[in-house]
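Everything on this sheet refers to the single structure shown next.
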Amino acid sequence: MSETTTPEVKRPLVATAALLLLPVLLLAAVIVLFLSTGGGLDLRPPAPVESLTFERYVLSHGVIDLELRNTSPQPLGVAQVVVNAAVVQYSLEPDGQIPRLGRSILRIEYPWTEGEAYAVTVFTTSGIAFDLEVPVAFNTPRPDAKTFLGFTLIGLYVGVIPVFLGIFWYPALRQLGRRTMTFLMAVTIGLLVFLGLDTVSEALEAAAGLPSPFQGIGLIGIGAVGTFLLLDAVASRQADSARGEVDRRLAIAFMIAVGIGLHNLGEGLAIGAAYNVGEIALGTFLVVGFIIQNITEGLGIIAPVLRDRPGIGRLATMGLIGGAPAIAGAWIGGYAPSPFLAVLFLAIGTGAIFQVVQEIAKLVRKDTARQPMPFAILGGVLTGMLLLWVTGLFIK
Numbered sequence: 038m039s040e041t042t043t044p045e046v047k048r049p050l051v052a053t054a055a056l057l058l059l060p061v062l063l064l065a066a067v068i069v070l071f072l073s074t075g076g077g078l079d080l081r082p083p084a085p086v087e088s089l090t091f092e093r094y095v096l097s098h099g100v101i102d103l104e105l106r107n108t109s110p111q112p113l114g115v116a117q118v119v120v121n122a123a124v125v126q127y128s129l130e131p132d133g134q135i136p137r138l139g140r141s142i143l144r145i146e147y148p149w150t151e152g153e154a155y156a157v158t159v160f161t162t163s164g165i166a167f168d169l170e171v172p173v174a175f176n177t178p179r180p181d182a183k184t185f186l187g188f189t190l191i192g193l194y195v196g197v198i199p200v201f202l203g204i205f206w207y208p209a210l211r212q213l214g215r216r217t218m219t220f221l222m223a224v225t226i227g228l229l230v231f232l233g234l235d236t237v238s239e240a241l242e243a244a245a246g247l248p249s250p251f252q253g254i255g256l257i258g259i260g261a262v263g264t265f266l267l268l269d270a271v272a273s274r275q276a277d278s279a280r281g282e283v284d285r286r287l288a289i290a291f292m293i294a295v296g297i298g299l300h301n302l303g304e305g306l307a308i309g310a311a312y313n314v315g316e317i318a319l320g321t322f323l324v325v326g327f328i329i330q331n332i333t334e335g336l337g338i339i340a341p342v343l344r345d346r347p348g349i350g351r352l353a354t355m356g357l358i359g360g361a362p363a364i365a366g367a368w369i370g371g372y373a374p375s376p377f378l379a380v381l382f383l384a385i386g387t388g389a390i391f392q393v394v395q396e397i398a399k400l401v402r403k404d405t406a407r408q409p410m411p412f413a414i415l416g417g418v419l420t421g422m423l424l425l426w427v428t429g430l431f432i433k
């Protein structure tokens, strides 16, 4: 006796869309019902829940501009502003209440003095106070030829020059044997693992300063996981289309340069932000420390192609990919520091770095399949991590 099957009935597209939309509409109706009735409970907060974030302050001659972000559940208004215990005049642009997650510029006409500290308190219409400390009054850098050149030079010192100096080891390292090559690949893994962990730490630190509605931890997850999976898909396609192992190693070297470049973008953001608020000593300290640290990044870029001849043009391109983002980071941090962008860029850098670690590990496993070198790999990974840990002593 043969078994009969019922043919599948295809529903019209409109009917399918309606079936998909129906649960969403019913859920929205439930939410509206709850908000309108309180779920049967007539509970009201004894005081309004308000949250005001100072995203940035900009100082110019006789003026203090505060960039405010309303992270409250409802709109809020500004009633009074106090600077160093004195009530001052202010203007708000746009005028009126700040909508939820909205942004406004609070302008204060105040004769501040360079080098002094100021305490600013903003009172909302509900009487809730929000405080901001300006530790060192300093003319905020403006986009002009002088500061543009200055931040560009900082990016060159921090990113481009050290990375290229590391790449200059290429001719000497080509003379080394196979075991040493494997050791250097493992060193690259150690360097990148340490950079990845450091980038995660910086991202978490930056996320702690984000207003809670922006969900800093979730933003890190989106940026890191999304970048990892995107680069993994790109790497898989490159592996399928690669004409040989030489092309594959070159592709991995370029991916290392991308991961290091995203990390250097975060370093540029930190340095530019320090100069933006007048912390010159901190900015100078970071520049010197990153210069010392980043020469090892050039070694990480060239390690996969030491047995090949990629050419000066490709080496130069990889050096620019790895180092030049520090310039863009210095521009962004110096002119418009943004905690949101800092978290996002650091998260993207994290995903890129760990994906490259995965690709190099595959390459090392393949190279050592016939002749395992476990102690060379162990020593290389630990050496790479210790190199950055020691150089980090000059920065942290």
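Under my numbering, think of the first position of the sequence shown as 38, with each following residue one higher. Backbone N, C-alpha and C fix where the C-beta goes; we use that ideal spot for every residue, glycine too.
Selection from 61, 49, 188 and 207 that minimises the alpha carbon distance to residue 347: Position 310 of the sequence shown, counting from 1, holds the residue named residue 347. Residue 347 has its Cα closest to that of 207, out of 61, 49, 188 and 207.
Bridge partners - residue 97, DSSP secondary structure assignment: Sequence index remark: in the sequence shown, residue 97 carries index 60 (1-based). Beta-bridge pairing links residue 97 to 100.
Continuous beta strand (DSSP E) stretch holding residue 390: start and end: On the sequence shown, position 353 is the one that residue 390 refers to. No beta strand (DSSP E) holds residue 390; the alpha helix (DSSP H) holding it covers 376 to 404.
Residues near residue 146 in its chain [Cβ-Cβ closer than 7 Å; skip 5 each side]: Counted from its first residue, the sequence shown places residue 146 at position 109. Contacts found: 99, 100 and 126.
Nearest candidate by alpha-carbon position, reference residue 109, set 139, 133 and 132: If you number the sequence shown from 1, residue 109 lands on position 72. For the residues 139, 133 and 132, the minimum Cα distance to residue 109 belongs to 139.
Of the residues 364, 259 and 95, the one placed nearest residue 384, counting alpha carbons only: The residue you call residue 384 lines up with position 347 of the sequence shown. Comparing Cα positions, the closest option is 259.
Nearest-angstrom Cα separation, counted from residue 401 out to residue 213: Within the sequence shown, residue 213 is the residue found at index 176, counting from 1. Within the sequence shown, residue 401 is the residue found at index 364, counting from 1. The alpha-carbon atoms of residue 213 and residue 401 are separated by roughly 17 Å.
Buried or exposed (CB count within 10 angstroms, at least 16 for buried), residue 106: Locating residue 106 in the sequence shown gives position 69, counting from the first residue. So residue 106 ends up on the buried side.
Reduced DSSP secondary structure (H/G/I, E/B, other) of residue 115: Within the sequence shown, numbered from 1, the residue matching residue 115 stands at position 78. In the structure shown, residue 115 sits in a strand (DSSP, three-state: E or B).
Residue 185 vs residue 368 beta-carbon contact at 9 Å: If you number the sequence shown from 1, residue 185 lands on position 148. If you number the sequence shown from 1, residue 368 lands on position 331. Against a cut-off of 9 Å, the Cβ pair of residue 368 and residue 185 comes out as a contact.
Euclidean distance between Cα positions of residue 241 and residue 151: On the sequence shown, residue 241 is found 204 positions in, with the first residue counted as 1. On the sequence shown, residue 151 is found 114 positions in, with the first residue counted as 1. Note on geometry: alpha-carbon atoms of residue 241 and residue 151 lie some 32 Å from one another.
Supposed contact pair residue 345 and residue 287 - C-beta distance, whole angstroms, cut 8 Å: Start at 1 with the first residue of the sequence shown, and residue 287 comes out as number 250. Start at 1 with the first residue of the sequence shown, and residue 345 comes out as number 308. Residue 287 to residue 345, Cβ: 7 Å. Contact.
Under the three-state DSSP convention, the category residue 285 falls into: To locate residue 285, count along the sequence shown from 1; it is residue 248. Collapsing the DSSP output to three states places residue 285 in a helix.
Opposing strand residues paired with residue 130 [DSSP bridges]: In the sequence shown, residue 130 corresponds to position 93, counting from 1. Partner(s): 142.
Distance CB(residue 200)-CB(residue 301) smaller than 9 Å: For the purposes of this step, residue 200 is taken as residue 163 along the sequence shown, with counting starting at 1. For the purposes of this step, residue 301 is taken as residue 264 along the sequence shown, with counting starting at 1. When the beta-carbon positions are compared, residue 200 and residue 301 come within less than 9 Å of each other.
Residue 166 - partner residues in DSSP beta bridges: Along the sequence shown, one-based indexing puts residue 166 at 129. In DSSP, residue 166 forms a bridge with 160.
Cross-strand partners of residue 107 (DSSP beta bridge): Taking the first residue of the sequence shown as 1, we reach residue 107 at position 70. BP columns for residue 107 point to 89.
Whole-angstrom distance between residue 56 and residue 66, CA atom to CA atom: What you label residue 66 is simply residue 29 of the sequence shown in a count that begins at 1. What you label residue 56 is simply residue 19 of the sequence shown in a count that begins at 1. Approximately 16 Å between the Cα atoms of the pair.
Cα-Cα separation, residue 220 to residue 209: Here the question's residue 220 lines up with position 183 in the sequence shown. Here the question's residue 209 lines up with position 172 in the sequence shown. Taking the straight line from one Cα to the other gives about 15 Å.
Inter-stretch contact at 8 Å, needing at least 3 Cβ pairs: the segment 381 to 395 / the segment 262 to 272: The segment 381 to 395 vs the segment 262 to 272: in contact.
DSSP-derived helix/strand/coil call for residue 173: Position 136 of the sequence shown, counted from the start, is the residue given in the question as residue 173. The answer is coil: DSSP assigns residue 173 none of H, G, I, E or B.
Residue 170 and residue 155 closer than 9 Å at C-beta: Here residue 170 refers to the residue found at position 133 when the sequence shown is read from its first residue. Here residue 155 refers to the residue found at position 118 when the sequence shown is read from its first residue. Yes. Within cutoff.
Residue span of the alpha helix (DSSP H) that contains residue 51, given as start and end: Taking the sequence shown and counting its residues from 1, the one referred to as residue 51 is at position 14. 50 to 74 is the extent of the alpha helix (DSSP H) around residue 51.
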